[in-house]
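Under this note's numbering, think of the first position of the sequence shown as 53, with each following residue one higher.
The structure appears right after this line, and notes come after that.
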Amino acid sequence: MTTMTTSSVPLPAEWRDFLALTKPKVMRLVVFAGLAGMLVAPEPINPVLGFTAILCIALGAGAAGALNQWYEADLDAKMKRTAARPLPAGRMDRQSALHFGVGLAFFSVILMELATNMVAAGVLALSILFYVFIYTVWLKRRTPQNIVIGGAAGAFPPVIGWAAATGNISLLPVLLFAIIFLWTPPHFWALSLFVKTDYANAGVPMLPVVAGERVTRQQIGLYTLPMAAAALAPWPLGLTGWLYGVAAIALNGMFALLAARVALRQTAPGDAMKPEKRLFAFSILYLFLLLGALVVDHWVLG
């Protein structure tokens, strides 16, 4: 059993520890989503300002990740997959993580406003506040709907990227928000099925812990339907071309197939978690490819 060590005198933190606070693996998808929103906007943005806006999205995501780890250091210490993070491992004190997260948050929002516009800065600030206060502080420890509602926090990047380029928000970025919002529950519930013990040990009321695996599997299947509908919607609405439409049909067909296997638990004896792991892995690739197809469609078909 992992022991919480943050109460003792922590070791001096290295730059790698501060980088780990930003959750760089998660940040990759956040940055890509923000970049996609910017690249499909109808108005081009100066490359320097565009780079600055993407940097601000990355810093904002890093700030949210750092503040999340600051608040959840006790939970992270109880879970095998997070026990090696800087705070539960005792490589950093909580005050340093708090100051780092708050400083990044303020810097990212102020720089976004100076480089682009108030709309983009406002949505960036909202995304950070939502992730920290609504998801991390309010929902995470209280309800199995934490991922459902909290998924909004991760759905803001394409809206921010679009707003940075245009100064406004229209239907396409709203649909991109909806896609990521509806993608989040099946993505995280697939993960939670094969790390259920971790969440149970930490007392986090994830759906498999409080409602069981069967209900979670069914919910994964159900949430895939509106997610696919949202992902296909830009094409018939005339917001994209046929290239995106074909890619969306193929990707959502594959996602639906994997989700159906999870929902129906088509597993081999002794290999019960493979469908969940496959769905989780593909769900990340799915979002990268879907957003990539959107960008290619925009630049190739205009």
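From the three backbone atoms N, C-alpha and C, an ideal C-beta is built for every residue, glycine too.
Taking the alpha-carbon positions, what's the residue i to residue j distance?
| i | j | result |
| --- | --- | --- |
| threonine 134 | valine 352 | 42 Å |
| asparagine 253 | lysine 132 | 10 Å |
| phenylalanine 307 | glutamate 95 | 32 Å |
| isoleucine 106 | phenylalanine 246 | 33 Å |
| valine 171 | isoleucine 212 | 8 Å |
| threonine 54 | arginine 143 | Any reading at threonine 54 needs caution, since the residue's pLDDT is 41, under 50, leaving its predicted position unreliable; the model's value is listed next. So the alpha carbons of these two residues sit roughly 15 Å apart. |
| glycine 305 | proline 288 | 17 Å |
| alanine 311 | glycine 273 | 5 Å |
| leucine 181 | histidine 239 | 22 Å |
| phenylalanine 158 | proline 225 | 24 Å |
| serine 222 | arginine 330 | 34 Å |
| tyrosine 123 | alanine 216 | 30 Å |
| phenylalanine 185 | leucine 191 | 8 Å |
| leucine 291 | methionine 90 | 15 Å |
| glutamine 121 | leucine 73 | 7 Å |
| leucine 243 | leucine 156 | 28 Å |
Taking only three categories from DSSP, how would you classify residue i?
| i | result |
| --- | --- |
| valine 92 | coil |
| isoleucine 221 | coil |
| glutamate 328 | helix |
| phenylalanine 208 | coil |
| lysine 248 | helix |
| leucine 139 | coil |
| proline 260 | helix |
| tryptophan 287 | coil |
| glutamine 197 | coil |
| glycine 354 | coil |
| isoleucine 97 | coil |
| valine 348 | helix |
Going by the CB atoms, is the gap between residue j and residue i shorter than 9 Å?
| i | j | result |
| --- | --- | --- |
| alanine 113 | valine 154 | no |
| asparagine 169 | glycine 219 | yes |
| alanine 88 | leucine 346 | yes |
| leucine 341 | isoleucine 232 | no |
| proline 196 | valine 261 | yes |
| alanine 129 | proline 138 | no |
Could you check if residue i belongs to the surroundings of the ligand FMN, using beta carbon to heavy atom distance under 8 Å?
| i | result |
| --- | --- |
| alanine 93 | Ligands in the displayed structure: none, and consequently the ligand FMN is not present. |
Given 8 Å, three or more beta-carbon pairs between the stretch 254 to 274 and the stretch 204 to 211: Contact between the stretch 254 to 274 and the stretch 204 to 211 is not established, with fewer than three Cβ pairs separated by less than 8 Å.
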